[in-house]
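Peer 1: In my numbering, the protein residues as written are 430 to 714. The C-beta atom is built at its ideal place from N, Cα and C for all residues, glycine as well. Let me give you the structure first, and then I'll get to my questions.
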Amino acid sequence: MLKTSSISNLHILFNKYDVHPKKKWGQNFLVDNNIIQKIIQTADVNSNDYIVEIGPGMGALTQELAARAKGVLSIDIDESLKMPLKEVLAGFENSKLLFADILKVNIEEELIKAFNLPEVPAYKVCANIPYNITTPIIFDLLENCPHLISATLMMQKEVAARILAKPNSKDYGLLTLMVAYYAEAKLGLHVSRNCFYPKPEVDSSVINIIPYDAPAVKVKDEDIFKKFSKSAFQKRRKTILNICSDYFAIDKNEANLILSQLNINPKDRPENLSLGDFAAIVNAF
430 MLKTSSISNL HILFNKYDVH PKKKWGQNFL VDNNIIQKII QTADVNSNDY
480 IVEIGPGMGA LTQELAARAK GVLSIDIDES LKMPLKEVLA GFENSKLLFA
530 DILKVNIEEE LIKAFNLPEV PAYKVCANIP YNITTPIIFD LLENCPHLIS
580 ATLMMQKEVA ARILAKPNSK DYGLLTLMVA YYAEAKLGLH VSRNCFYPKP
630 EVDSSVINII PYDAPAVKVK DEDIFKKFSK SAFQKRRKTI LNICSDYFAI
680 DKNEANLILS QLNINPKDRP ENLSLGDFAA IVNAF
């Protein structure tokens with residue numbers, strides 16, 4: 430079996446099938462087997478797991494997932510990868526391929542179809558996701574995938590820093606808040622740009638996201654909570670007093686009183702507030 434974590438083997442497949450990495454889809458193939466093993470460890474893949482892999486590339490991670498898991502469904506937008514992937518995965522009957530746009534796919538329905546299951550199983554996502562669609566993929570997983578156990582995702586290091594940020598830091602923002610609302614996120618490992626072919630311009634990080642059974646905080650209206658949070662971080666240089674007064678269309682004195690009752694400093698800015706603070710504001714206003 431041809432191991433595609435080797436650059437020389439990648440070139441054999443590139444030439445054989447006349448395929449090449451495509452910049453428009455952010456294709457940078459992982460070519461470091463040590464990193465692949467660490468991703469598998471971070472994802473805690475075992476023989477009972479169904480895995481959904483997003484962006485299998487040339488199959489380096491897919492091969493290792495299929496060697497350990499009960500079933501692996503790999504989803505990629507690039508149909509030119511079909512033949513090389515079929516070759517490198519030929520020995521794995523538990524590996525299924527779907528060529529489609531991940532943002533237009535119902536992951537759980539496709540999992541049922543791929544393995545002919547009577548119902549949606551609990552499953553894990555393990556992926557080197559395209560950098561240009563990292564945020565929408567994360568939101569889709571957290572909002573639309575109720576049977577998801579965990580998502581182990583490789584992404585641009587700066588995006589991972591935003592997800593893992595704490596209040597009062599420059600990286601803290603809407604992405605931090607929304608991931609924390611739905612799930613616990615932990616750093617798995619950092620990955621040098623030198624571990625990819627072709628070499629990207631940025632380094633990467635692998636994070637493990639584990640969804641909660643229910644959101645971390647209770648809000649009276651989830652839609653307002655999300656819209657208010659988004660609006661607040663779009664005006665992150667404004668004070669929370671001005672933001673609340675504008676958004677909820679109330680007098681500043683009244684807004685000041687409510688914030689004081691919540692023990693929130695009206696002079697604070699969005700990056701100073703915790704997830705609990707945002708929930709308390711929406712519930713009170």
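Does DSSP classify Thr581 as helix, strand or coil?
Peer 2: Thr581 falls in the strand class under three-state DSSP.
Peer 1: So the alpha helix (DSSP H) Gly705 belongs to, where does it begin and stop?
Peer 2: Start and end: 704-713.
Peer 1: Along the chain, which unbroken stretches of the alpha helix (DSSP H) at least 4 residues long are found entirely within the segment 456-519?
Peer 2: You should have 462-472, 489-497, 511-517.
Peer 1: Considering only the alpha carbon of each residue, which of Ala556, Glu537, Val554, Ala495 lies closest to Pro547?
Peer 2: Cα-wise, what sits closest to Pro547 is Glu537.
Peer 1: For Asn803, which three-state DSSP category applies?
Peer 2: Not covered by the structure: residue 803. The range shown for the chain is 430 to 714.
Peer 1: Since Glu683 sits in a beta bridge, which residues does DSSP pair it with?
Peer 2: Paired residue(s): none; Glu683 is not in a bridge.
Peer 1: For Gly500, I'd like the list of residues in its chain whose CB is within less than 6 angstroms of its CB, leaving aside the five on either flank, ordered along the chain.
Peer 2: Once the five neighbours on either side are set aside, the close Cβ partners of Gly500 are Tyr479, Asn523, Phe544.
Peer 1: Starting from the N-terminal side, write out each stretch of the beta strand (DSSP E) that is 3 residues or longer and does not extend beyond the segment 601-677.
Peer 2: If we require 3 residues or more, the beta strand (DSSP E) runs fully inside the segment 601-677 come out as 612-620, 633-640.
Peer 1: Can you list, in chain order, the residues of its chain with a C-beta nearer than 7 angstroms to that of Leu570? Leave out the 5 residues immediately preceding and following it.
Peer 2: Excluding positions up to five away in sequence, the list reads Val554, Leu577, Ala580.
Peer 1: For the alpha helix (DSSP H) holding Leu540, just list the boundary residues, first then last.
Peer 2: 536-544 is the span of the alpha helix (DSSP H), which, as asked, contains Leu540.
Peer 1: Return yes when the Cβ of Ala614 is within less than 8 angstroms of the Cβ of Ile638, no when it is not.
Peer 2: Yes.
Peer 1: For a test of the three-state rule: what should DSSP assign to Leu532, helix, strand or coil?
Peer 2: Looking at Leu532 - three-state DSSP - the assignment turns out to be helix.
Peer 1: Let me know if Glu508 comes out buried or exposed under the rule of 16 or more other beta-carbons within 10 Å of its beta-carbon.
Peer 2: Exposed.
Peer 1: Report the CB separation of Leu459 from Thr491 in whole angstroms; it is logged as a contact under 8 angstroms.
Peer 2: Not a contact, Cβ separation roughly 11 angstroms.
Peer 1: Throw me the rounded Cβ distance for the Pro450 and Pro627 pair, which I believe falls under 8 angstroms.
Peer 2: Between Pro627 and Pro450 the Cβ distance is about 6 angstroms, and since that is below 8 angstroms, they are a contact.
Peer 1: Thinking C-alpha only, which one of Ile672, Met512, Asn557, Ile567 is nearest Trp454?
Peer 2: Among Ile672, Met512, Asn557, Ile567, the Cα nearest to that of Trp454 belongs to Asn557.
Peer 1: Can you give me the start and stop residues for the alpha helix (DSSP H) that Ala590 sits inside?
Peer 2: Its alpha helix (DSSP H) spans residues 586-593.
Peer 1: Taking 8 angstroms as the cut-off, decide whether the C-beta atoms of His619 and Ser634 are in contact.
Peer 2: In this structure, Ser634 lies closer than 8 angstroms to His619 by Cβ.
Peer 1: Closer than 8 angstroms by C-beta to Leu540: which residues in its own chain qualify, once you throw out the five before and the five after it? Chain order, please.
Peer 2: Tyr479, Val481, Leu502, Leu546, Val549, Pro550, Tyr552, listed in sequence order.
Peer 1: Spatial neighbours of Ser621 within its chain, please: C-beta separation below 7 angstroms, excluding the five flanking residues on both sides.
Peer 2: Cβ neighbours of Ser621 beyond the five flanking positions: Asp632.
Peer 1: Sort Leu582, Phe714, Phe707, Phe443 by Cα distance to Lys511 and report the nearest one.
Peer 2: Considering only alpha carbons, the answer is Phe443.
Peer 1: Below 6 angstroms CB to CB, which residues in the same chain sit around Gln456 once its five sequence neighbours on both sides are set aside?
Peer 2: Closer than 6 angstroms at the Cβ level, and outside the excluded window around Gln456, lie Pro450.
Peer 1: Give the range of the alpha helix (DSSP H) segment to which Tyr446 is assigned.
Peer 2: Per DSSP, Tyr446 belongs to the alpha helix (DSSP H) from 436-446.
Peer 1: Roughly how many angstroms separate the alpha carbons of Ala590 and Ala496, rounded to a whole number?
Peer 2: Their backbone Cα atoms lie some 31 angstroms apart in a straight line.
Peer 1: What do you reckon, are the CB atoms on Ile504 and Ile483 nearer than 8 angstroms?
Peer 2: Contact: yes.
Peer 1: Here's the rule I'm using: 16 or more other beta-carbon atoms within 10 Å means buried, otherwise exposed. How should Ala594 be labelled?
Peer 2: Buried is the call here.
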